[in-house]
Each structure stands twice: as C-alpha cells, then as structure tokens.
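J.:
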Amino acid sequence: MKSMQKVVFQDLGRIRYQEAWNLQEERLQEVVGRKLYNRDQRKAGKPLTPLFHYLLFCEHPPVYTLGKSGSLDHLLLSEAELEARGFEFFKINRGGDITYHGPGQIVGYPIFDLDEFFTDIHKYVRYLEEAVIRTLAEYGITSTREEGYTGVWLEATEEQPKRKICAIGVHLKRWVTMHGFAFNVNTDLGHFANIVPCGIADDDKAVTSMEMELGRPVDINEVKNKLKKAFASLFQYEYTTADVLH
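In the numbering used here, the protein residues as written are 258 to 503.
Below you can see the structure in the form of structure tokens.
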C-alpha cells in the first residue's frame, strides 16, 4: 500500500492565463524530474528524494481556451472583437473543446503524479468531478454527471435545461497531470454566449453557476476551502507547505 501523499496547495489569486500556464509547466517539469531522479536512485539502491504534488487554484481575467481536439469554429468572435472586448484567447494542449475562464470562477490545476495514486485517467477525471459534486452538495445543490460528456451537470427541470457548472480538460506527461477544471461560482455567464461552450450546441443544454442556482453571490474562498477538503478526502493525501521544497 502506498504511503500518504503530500500536496502543496497554492492559491494564485487573479492571474493571467499565460502566467498560470507557465507555472503549471514549471511545476510539471519539477514533479517529472523528481520522479525520474527517484527511479534512477531506486535502481542504484540509493536514498530517494521526498515526493510532492501540487494543487493550484486561481481566477483568470476573461479568457477563452481551445483544447487540442476542439474546433476554432466554436469561437464566435473575431480577433478584432476579442481585442475590443478585452478577452484573451489561447490554443492549448489539454483535452476538450473551447471554454471560458473569468472572475468568479475557481480554476483548478492539479499537478499530480498518478503513479503515486492510480494510473487510470478515467478514474482521475471522475475524481475531479466528484470533488465538485461533493462541494455543491454542501450548498444544497444536487449535481451529477452526463453520459457521454465530462464535467459536472445539474439535471433539467420544468423551467430549465440540463446545465453545466464545471468544465474539465486535462493533459498528462509521464502520468503527471496538468490543466484541470473550471468551476462556475459567481461567474459572468454572459461571456459563454461568445462561444459554443465545450463544443456542445444542443438546445437542451446550458451553462450555470452557483450564484445563478442559489440566487445570491457565494463566498468563493469558502467554496475553495470545501473543495480543498473534498480533494484530500478523495485522493487520500495530506496538505503540506511550500517549505518542504527547500
């Protein structure tokens, strides 16, 4: 049985997308490098360096990102319109199609070495979904999964279609994860009108947020804390501080 893993949590606050992407890449290379170093040390019968993973939370200024399997046709604004409205746009290496990130949304980037948890990408995505599902339940919001799609959804009602409240798109290198999820808490949902969210154009599906469902703004820091606890419970790890890295 594997020992309890240690995760360094970092709340990056409001940060531009490129800066956060660069930090993800740095953290991923660090985790991969430590992993390969320990592999060689193990073969040589030498002491191993301590293992650490990362969980990064942040908010981004308004930005659209297009996954490697997505279609540029799902961005409904021209380059000039993007610039005029103050939006950034990036083609990135995660899975999935196009999505929006912006203020009032918790964007989570787990940098986990799945060799230390489980090497099952489908289980990993289910765990990301489950962390959000458990967090929403603490606010009386019942959410679920939608067959054939990733992310977290709310069931249709007589008044509303099925609504997506959290989008997921990940990338792996040597079983180390990056990218992650975008969880709508107090998000401006009007910005989703400029894209075909996640490439889903069905009339019976929409996007939503905690604010929309509860009819009031939500304390985003409180949500972050509940989400952190859900992650630790699911993945069975303990949080540590950045001091362990020095």
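In this text, a Cβ means the ideal position worked out from N, Cα and C, and glycines have one as well. Note that the structure is a prediction, hence the values are computed from the model and not measured.
Let me check understanding here. Comparing Cα to Cα, which of H379, G327, T498 and P307 lies closest to I452?
T.: One-based indexing of the sequence shown puts residue 452 at position 195. Nearest option by C-alpha distance: G327.
J.: Taking the alpha carbon of V198 as the point to measure from, which residue in N441, L446 and M469 has its own alpha carbon closest?
T.: With the chain covering 258 to 503 only, the question about residue 198 has no answer from this structure.
J.: Between the alpha carbons of L483 and A301, how many angstroms are there, rounded?
T.: Here residue 483 is taken as the residue at index 226 of the sequence shown, counted from 1. Here residue 301 is taken as the residue at index 44 of the sequence shown, counted from 1. For the sequence presented, residue 483 should be read as Lys rather than Leu. Approximately 42 Å, taken between the alpha carbons.
J.: Within this structure, are the beta carbons of Y366 and L313 separated by less than 8 Å?
T.: Locating residue 366 in the sequence shown gives position 109, counting from the first residue. Locating residue 313 in the sequence shown gives position 56, counting from the first residue. A contact, by the Cβ cut-off of 8 Å.
J.: Nearest-angstrom Cα distance between V501 and V264?
T.: Taking the sequence shown and counting its residues from 1, the one referred to as residue 501 is at position 244. Taking the sequence shown and counting its residues from 1, the one referred to as residue 264 is at position 7. Any reading at V501 needs caution, since the residue's pLDDT is 47, under 50, leaving its predicted position unreliable; the model's value is listed next. Distance between the alpha carbons of V501 and V264 is about 10 Å.
J.: Cβ atoms of T465 and I422: under 8 Å apart, would you say?
T.: Your numbering for residue 422 matches position 165 in the sequence shown. Your numbering for residue 465 matches position 208 in the sequence shown. Yes; because the gap between Cβ atoms is below 8 Å, this pair is in contact.
J.: Closest to T356 by CA distance: which of S260, G447 and Y496 is it?
T.: Start at 1 with the first residue of the sequence shown, and residue 356 comes out as number 99. Taking only the C-alpha atoms, the option nearest T356 is G447.
J.: K430 to L334, Cα distance in whole Å?
T.: For the purposes of this step, residue 430 is taken as the residue at position 173 of the sequence shown. For the purposes of this step, residue 334 is taken as the residue at position 77 of the sequence shown. In a straight line, the C-alpha of K430 is about 32 Å away from that of L334.
J.: Relative to the C-alpha of N295, which candidate in D370, V288 and T306 has its C-alpha closest?
T.: Here residue 295 is taken as the residue at index 38 of the sequence shown, counted from 1. Among D370, V288 and T306, the Cα nearest to that of N295 belongs to T306.
J.: Is there a Cβ of chain B sitting closer than 8 Å to that of A341, yes or no?
T.: Chain labels in this structure do not include chain B; a single protein chain is all it has.
J.: Skipping 5 residues on each side, what residues in its chain have a beta carbon closer than 8 Å to that of V475?
T.: Residue numbering aside, residue 475 sits at position 218 when the sequence shown is read from its first letter. Excluding positions up to five away in sequence, the list reads Y396, V442, N443, M467 and E468.
J.: Looking only at C-alpha atoms, which of V289, G290 and Y311 sits nearest to D268?
T.: The residue labelled residue 268 in the question sits at position 11 within the sequence shown. Nearest C-alpha to D268: Y311.
J.: How should F375 be labelled, buried or exposed, when 16 other C-beta atoms within 10 angstroms of its C-beta is the threshold for buried?
T.: Taking the first residue of the sequence shown as 1, we reach residue 375 at position 118. By the 10 Å Cβ count, F375 comes out exposed.
J.: Tell me the rounded alpha-carbon separation between P360 and A277.
T.: The residue given as residue 360 occupies position 103 in the sequence shown. The residue given as residue 277 occupies position 20 in the sequence shown. Each residue's alpha carbon lies about 14 Å from the other.
J.: Can you list, in chain order, the residues of its chain with a C-beta nearer than 6 Å to that of A458? Leave out the 5 residues immediately preceding and following it.
T.: Mapped onto the sequence shown, residue 458 falls at position 201. None.
J.: In this structure, what does DSSP give as the bridge partners for L332?
T.: If you number the sequence shown from 1, residue 332 lands on position 75. Answer is I452.
J.: On the DSSP letters alone, give me the boundaries of the beta strand (DSSP E) that F440 sits inside.
T.: In the sequence shown, counting from the first residue as 1, residue 440 sits at position 183. Run containing F440: V433 to N441, per the beta strand (DSSP E) assignment.
J.: For V382 and P318, what's the separation of their Cα atoms in angstroms?
T.: Within the sequence shown, residue 382 is the residue found at index 125, counting from 1. Within the sequence shown, residue 318 is the residue found at index 61, counting from 1. The alpha-carbon atoms of V382 and P318 are separated by roughly 25 Å.
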